[in-house]
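The next block holds one structure in the form of structure tokens; read it before the comments.
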Amino acid sequence: MIEKGAEESEHIKRARDKLRAQMQEEEMQITPQALDDVCRKIYHWIQRHSSERENLKDKNIALFDENRHSAVIRSRRVGVLRTQLFHELNAEKMRQLRGRVHVHARKP
473 MIEKGAEESE HIKRARDKLR AQMQEEEMQI TPQALDDVCR KIYHWIQRHS SERENLKDKN
533 IALFDENRHS AVIRSRRVGV LRTQLFHELN AEKMRQLRGR VHVHARKP
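Residue numbers for the sequence shown follow my numbering, so the first one is 473 and each next one is one higher.
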């Protein structure tokens, strides 16, 4: 059973009503004509900046290399965390294999 909490204060009610009115005003501004106008502006912007675009038809682009090449880590903190995690994972693997795998030293 859910009990009703405390009544909202007048300040909260006014703020809620103000936000509701703002949202209704914004919704009234979204009309088919306004959407067409925005589409036209986007189209003209694309046309104006067409000279700055790269021609991708002449380039060899692979969208996904199946994680064969990871991204370069520029953050020193992320690099340190990656190294710590790598060592922790290797230590865990070695702990699990301890006693099951025997490594023999090679004689020269």
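Yeah, the Cβ is synthetic: ideal placement off N, Cα and C, and Gly gets one too.
Collapsed DSSP secondary structure at A583 in the structure displayed: Because the chain in this structure spans residues 473 to 580, residue 583 falls outside the shown range and cannot be described.
Span of the alpha helix (DSSP H) around V510: 504 to 520
Inter-residue Cα distance where the pair is R492 and P504: 22 Å
Boundaries of the alpha helix (DSSP H) in which A478 is found, first to last residue: That residue, A478, is in no alpha helix (DSSP H); it is neither H nor E in DSSP.
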